[in-house]
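> There's a structure below that I have some questions on.
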Amino acid sequence: MTSFLGEFELKLDAKKRLMLPANLKKQLEDTDRFVLNRAFDKCLNLYPYHVWQEVDAELTKLNSFVKKERDFVRFVRGGATEIQLDAQGRFIMPSRLMSYANITSDIILSGNGSLIEVWDRDTYDSMLSIDPEDFSNLAEEVMVKYEKEELFEFDESIVVPIMRR
């Protein structure tokens, strides 16, 4: 499975097209079909099509009779737009999605595991403007929690502590 890495500064052209940088294209494993969609943090997610299919399968499991689940599915699927790269590795940014993410011209693409985040540059810079000490505290809180969860193995409903060295 592809795990996208890197941060790339780009500009939309006059026709609202975005060209994927060569270093990012190398990570695509011959994929030119994507789904572009709203994300939670005023950015967009660019999913390789096979990854989107996995996300969509999980959405299908939610209960449409529960309002919160229905609203969540509507938000995630609502802006989903299939994207096909042209011969130069470009695609047109849909206006509604651009508006949602406050994208005008300057863009940051950020590899984030199985997807690529598409940010307005100013929004991205603002999101990253965290004080180093605050970031350190956040890292400690998140990673210590993760470490605590890893302390136990579950085997047939028996919890066995793992010895750490």
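This note's numbering numbers the first residue of the sequence shown as 14 and each following residue consecutively. Quick reminder that beta carbons are idealized off the backbone N, C-alpha and C, glycines included. Fair warning: this is a prediction, and the values are worked out from it, not measured in the lab.
State yes or no: is the C-beta of Asp133 within less than 9 Å of the C-beta of Ile120?
yes
> Of all the beta strand (DSSP E) runs that stay within the bounds of the region 78-136, which reach a length of 3 or more residues?
94-97, 103-105, 119-125 and 128-133
> For Val64, count neighbouring Cβ atoms within 10 angstroms of its own Cβ and tell me buried if that reaches 16, exposed if not.
Its Cβ being crowded by 16 or more others within 10 Å, Val64 is buried.
> Val155 to Ser118, Cα distance in whole Å?
34 Å
> For the alpha helix (DSSP H) that contains Lys39, what are its first and last residues?
From DSSP, Lys39 is part of no alpha helix (DSSP H); its letter is neither H nor E.
> What residues match up with Pro61 in a beta bridge as DSSP calls it?
Bridge partners of Pro61: Phe47.
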